[in-house]
Ligand SMILES: Nc1ncnc2c1ncn2[C@@H]1O[C@H](COP(=O)(O)OP(=O)(O)OP(=O)(O)O)[C@@H](O)[C@H]1O
Ligand SMILES: Nc1ncnc2c1ncn2[C@@H]1O[C@H](COP(=O)(O)OP(=O)(O)OP(=O)(O)O)[C@@H](O)[C@H]1O
Ligand SMILES: [Mg+2]
Ligand SMILES: [Mg+2]
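Protein chains in written order, with our numbering: chain B, -11 to 214; chain D, -11 to 214.
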């Protein structure tokens, strides 16, 4: 479902060019459970933003579900994202003046769901990550791991077919992290394609395939474990 | 050096009161290397903010280095913090419009150091966390783990006698995380009191003492390992 070919991403700054991705070839089929591993600064979030259609490559091609992503304008890209992709951001990206429930309900506004339906689905999503008793809290009234779980709930509320999670357990204790991984594996068993960036070898070991990135290049792609 | 007695912290909200800390007694002597462990939402960051004089308890007493913290006004508190405490925040708290170097140099402004001295010390601190080649980047031009390392460098630049690190390796790969832990242990060997909140059992195992928090209470306080 994901086909990246010779993808390059350069960040142009005033005094330097940062080559964050250098000729990446990557194919991920529908229904796979993949982890992306690599050192700090190696290009993982950059790669996830490209896969999630939040950014465009400097060079190379990207086909998602057979569609040439680079041929789409921004509106078409936004509609595709909203309909099919759930993204858990490394820094959560919650709206500071909205409650947890409002943050989680937000992606449903583009689906034509009624207000009461949006509220109910947001509450169910928050219950799934054990935050039923924090629904009225705004982000500055939540702990780090609670914010991370709100970000996870928001990524899942539209029932996406592609889940992209950028270090989804970095702020969680081990027990809560295992619950989140179990939730992702259940979704994968139901057919959701799941791609997880993680620094936790225990999480990577539970995925079916581990893609290793160093300095903007894929250096290894291993199946097994999980 | 840290003496918390019967410390309580309640967050008052419109519709509820959150009892984040419930009668905490904790003593940490100068030069100790302590980890604080517990589930998401159990009160660890709240406790760190109190220890770091960034927040005041709802009830109870806090003596730091023999000084009754609750008797100090905000200016005296700020001076004490700036002189003695280095704080690595769970969400980094970097200034978005300043470069990495400017962010790290900021705490030195209150020490009377000259501009060139501040710049040099900031660069040394960034070199210690392997970010020499990212000094000109602003936070939105840094990866998650790079932002975390800038926060660490900033906490160390004033050479504090008390280092408080709230999940300092949550965004780091294993190898970089070990380097940061080794740096903290070196500082501890030089006499710095180090308190680390961590979800990583490997990090907790390398400290001399592990304080366990659940639901706002200390439930265990173990010496050994490390
Ligand atoms: N907007 C930007 N402008 C310039 N450089 C950037 C920008 N965003 C990221 N970079 C640089 O590109 C490189 C890759 O960043 P990226 O965020 O993809 O890393 P990462 O693998 O996710 O790291 P981490 O594990 O620390 O989150 C880093 O060295 C970073 O400094
Ligand atoms: N400003 C606030 N107003 C209301 N409740 C708050 C506020 N800040 C924190 N809380 C609540 O207090 C409890 C303790 O929060 P704290 O940030 O100390 O947890 P933590 O142990 O650091 O968790 P984590 O491991 O997820 O970072 C949480 O349940 C949180 O929802
Ligand atoms: Mg990243
Ligand atoms: Mg916390």
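Positions of the beta carbon are idealized from the N, C-alpha and C atoms, including for glycine.
task = Using a cut-off of 7 Å between C-beta atoms, extract the partners of residue 192 of chain D located in chain B.
result = The residue given as residue 192 of chain D occupies position 204 in the second chain. The contacting residues do not exist; residue 192 of chain D stays about 11 Å from chain B at best.
request  = May I ask whether a heavy atom of ligand 1 can be found less than 6 Å away from the beta carbon of residue 192 of chain B?
outcome  = Sequence index remark: in the first chain, residue 192 of chain B carries index 204 (1-based). The answer is no for residue 192 of chain B.
query = Roughly how many angstroms separate the alpha carbons of residue 159 of chain B and residue 155 of chain D, rounded to a whole number?
reply = Your numbering for residue 159 of chain B matches position 171 in the first chain. Your numbering for residue 155 of chain D matches position 167 in the second chain. Going by the C-alpha atoms only, they are around 8 Å apart.
inquiry  = DSSP three-state label for residue 17 of chain D, please.
reply    = Residue mapping note: residue 17 of chain D aligns to position 29 of the second chain, counting from 1. Of the three classes helix, strand and coil, the one that applies to residue 17 of chain D here is coil, per DSSP.
key: Partners in chain B for residue 164 of chain D, counting only beta-carbon separations shorter than 8 Å   = Position 176 of the second chain, counted from the first residue, corresponds to residue 164 of chain D. The answer, in chain order, is 27, 28.
query = Quick one: does residue 132 of chain D have its CB under 7 Å from some CB of chain B?
reply = Here residue 132 of chain D refers to the residue found at position 144 of the second chain. Closer than 7 Å to some Cβ of chain B, the Cβ of residue 132 of chain D qualifies, so yes.
inquiry  = Looking at the strands, I want to know which residues DSSP matches up with residue 55 of chain D.
reply    = Counted from its first residue, the second chain places residue 55 of chain D at position 67. The partner list for residue 55 of chain D (beta bridge, DSSP) reads D:52.
query = Start and end of the beta strand (DSSP E) containing residue 65 of chain B?
reply = Within the first chain, the letter at position 77 stands for residue 65 of chain B. Looking at the DSSP string, residue 65 of chain B is not in any beta strand (DSSP E); the run it does join, the alpha helix (DSSP H), is 62 to 72.
key: Given residue 200 of chain B as reference, the closest of B:186, B:194, B:190 once Cα atoms are compared   = Locating residue 200 of chain B in the first chain gives position 212, counting from the first residue. Closest option to residue 200 of chain B, Cα to Cα, is B:186.
ask   = According to the Cβ coordinates, are residue 93 of chain B and residue 115 of chain B closer than 7 Å?
value = The residue labelled residue 93 of chain B in the question sits at position 105 within the first chain. The residue labelled residue 115 of chain B in the question sits at position 127 within the first chain. It is not a contact, given that the beta carbons lie outside the stated cut-off.
request  = Mind listing which residues have their beta carbon within less than 7 Å of any non-hydrogen atom of ligand 5? Chain order is fine.
outcome  = Of the ligands this structure carries, namely ligand 1, ligand 2, ligand 3 and ligand 4, none is ligand 5.
task = List in chain order: all unbroken alpha helix (DSSP H) runs of 4+ residues lying wholly within the stretch 68 to 106 of chain B.
result = 88 to 93
ask   = Does the beta carbon of residue 187 of chain D sit closer than 7 Å to a beta carbon anywhere in chain B?
value = Mapped onto the second chain, residue 187 of chain D falls at position 199. Chain B, which has a Cβ nearer than 7 Å to the Cβ of residue 187 of chain D, makes this yes.
task = Quick one: grab the DSSP three-state call for residue -6 of chain D.
result = Against the second chain, residue -6 of chain D aligns to sequence position 6. Here residue -6 of chain D sits in strand by DSSP.
Short-range partners of chain B found in the stretch 138 to 158 of chain D, where Cβ spacing is below 9 Å = 154, 155, 157, 158
key: Given residue 17 of chain D as reference, the closest of D:172, D:197, D:98 once Cα atoms are compared   = Translated into positions along the second chain, residue 17 of chain D becomes position 29. If we check each option's Cα against that of residue 17 of chain D, D:197 comes out closest.
message = Against chain B, with Cβ distances strictly below 7 Å, would residue 160 of chain D count as a contact?
response = The residue you call residue 160 of chain D lines up with position 172 of the second chain. Residue 160 of chain D counts as touching chain B.
message = Looking at chain D, is there any beta carbon in it that lies within less than 7 Å of the beta carbon of residue 78 of chain B?
response = The sequence position of residue 78 of chain B within the first chain is 90, counting from 1. Judged by the 7 Å Cβ criterion, residue 78 of chain B is in contact with chain D.
request  = Helix, strand or coil for residue 169 of chain B, going by three-state DSSP, please let me know.
outcome  = Here residue 169 of chain B corresponds to residue number 181 of the first chain, with the count starting at 1. In the structure shown, residue 169 of chain B sits in a helix (DSSP, three-state: H, G or I).
Any 3 or more C-beta pairs closer than 8 Å across the stretch 168 to 188 of chain B and the stretch 13 to 29 of chain B = yes
inquiry  = Contact defined as beta carbons within less than 8 Å: I believe residue 84 of chain D pairs with residue 126 of chain D. What is the distance between those atoms, to the nearest angstrom?
reply    = Counting from 1 along the second chain, the entry for residue 84 of chain D is found at position 96. Counting from 1 along the second chain, the entry for residue 126 of chain D is found at position 138. With 8 Å as the limit, residue 84 of chain D and residue 126 of chain D qualify as a contact, their Cβ atoms being about 7 Å apart.
inquiry  = Which residues of the stretch 30 to 64 of chain B have a Cβ closer than 9 Å to any Cβ of chain D? Give them in chain order.
reply    = 30, 31, 32, 33, 34
query = Of all the options D:164, D:147, D:209, which has the alpha carbon lying nearest to the alpha carbon of residue 181 of chain D?
reply = To locate residue 181 of chain D, count along the second chain from 1; it is residue 193. Among D:164, D:147, D:209, the Cα nearest to that of residue 181 of chain D is on D:147.
query = In whole angstroms, what is the alpha-carbon distance linking residue 35 of chain D and residue 9 of chain D?
reply = Within the second chain, residue 35 of chain D is the residue found at index 47, counting from 1. Within the second chain, residue 9 of chain D is the residue found at index 21, counting from 1. If I take the Cα positions, the gap works out to 7 Å.
inquiry  = Less than 8 Å between C-beta atoms, sequence neighbours within five positions excluded: which residues of the same chain meet that for residue 30 of chain B?
reply    = The residue labelled residue 30 of chain B in the question sits at position 42 within the first chain. Taken in chain order, the residues that qualify are 201, 202, 203, 204.
key: Per DSSP, cross-strand counterpart(s) of residue 154 of chain D   = To locate residue 154 of chain D, count along the second chain from 1; it is residue 166. The partner list for residue 154 of chain D (beta bridge, DSSP) reads D:185.
inquiry  = Run through chain B and tell me which residues come within less than 7 Å of residue 124 of chain D, C-beta to C-beta.
reply    = As a working mapping, residue 124 of chain D is identified with position 136 in the second chain. 3, listed in chain order.
ask   = Taking the alpha helix (DSSP H) that residue 141 of chain B falls in, what are its first and last residues?
value = Stepping through the first chain from its first residue, residue 141 of chain B is reached at position 153. 132 to 144 is the extent of the alpha helix (DSSP H) around residue 141 of chain B.
inquiry  = Which same chain residues end up closer than 6 Å to residue 117 of chain B when comparing Cβ atoms and leaving out the 5 residues on each side of it in sequence?
reply    = As a position in the first chain, residue 117 of chain B is number 129, starting the count at 1. Excluding residues within five positions, the ones whose Cβ falls inside 6 Å are 137, 140, 141.
message = For residue 131 of chain D and residue 88 of chain D, what's the separation of their Cα atoms in angstroms?
response = Here residue 131 of chain D refers to the residue found at position 143 of the second chain. Here residue 88 of chain D refers to the residue found at position 100 of the second chain. About 12 Å.
key: Buried versus exposed, by CB contacts within 10 Å (16 or more), residue 194 of chain D   = As a position in the second chain, residue 194 of chain D is number 206, starting the count at 1. Looking at its Cβ environment, which holds 16 or more other Cβ atoms inside 10 Å, residue 194 of chain D is buried.
ask   = Less than 7 Å separating the beta-carbons of residue -9 of chain B and residue 15 of chain B?
value = Translated into the one-based positions of the first chain, residue -9 of chain B becomes position 3. Translated into the one-based positions of the first chain, residue 15 of chain B becomes position 27. Yes, they are a contact pair.
ask   = What residue range is occupied by the uninterrupted alpha helix (DSSP H) comprising residue 34 of chain B?
value = Position 46 of the first chain, counting from 1, holds the residue named residue 34 of chain B. Taken as a continuous stretch (DSSP letters only), the alpha helix (DSSP H) holding residue 34 of chain B covers 32 to 39.
query = Looking at the structure shown, is residue 205 of chain D part of a helix, part of a strand, or coil, going by DSSP?
reply = As a first step, residue 205 of chain D is located in the second chain; it is residue number 217 there, counting from the start. It is a strand residue.
message = Since residue 144 of chain B and residue 113 of chain B should fall inside the 8 Å C-beta cutoff, what is the C-beta to C-beta distance between them, to a whole number of angstroms?
response = Taking the first chain and counting its residues from 1, one reaches residue 144 of chain B at position 156. Taking the first chain and counting its residues from 1, one reaches residue 113 of chain B at position 125. Indeed, because the Cβ distance is near 6 Å, the residues count as touching under 8 Å.
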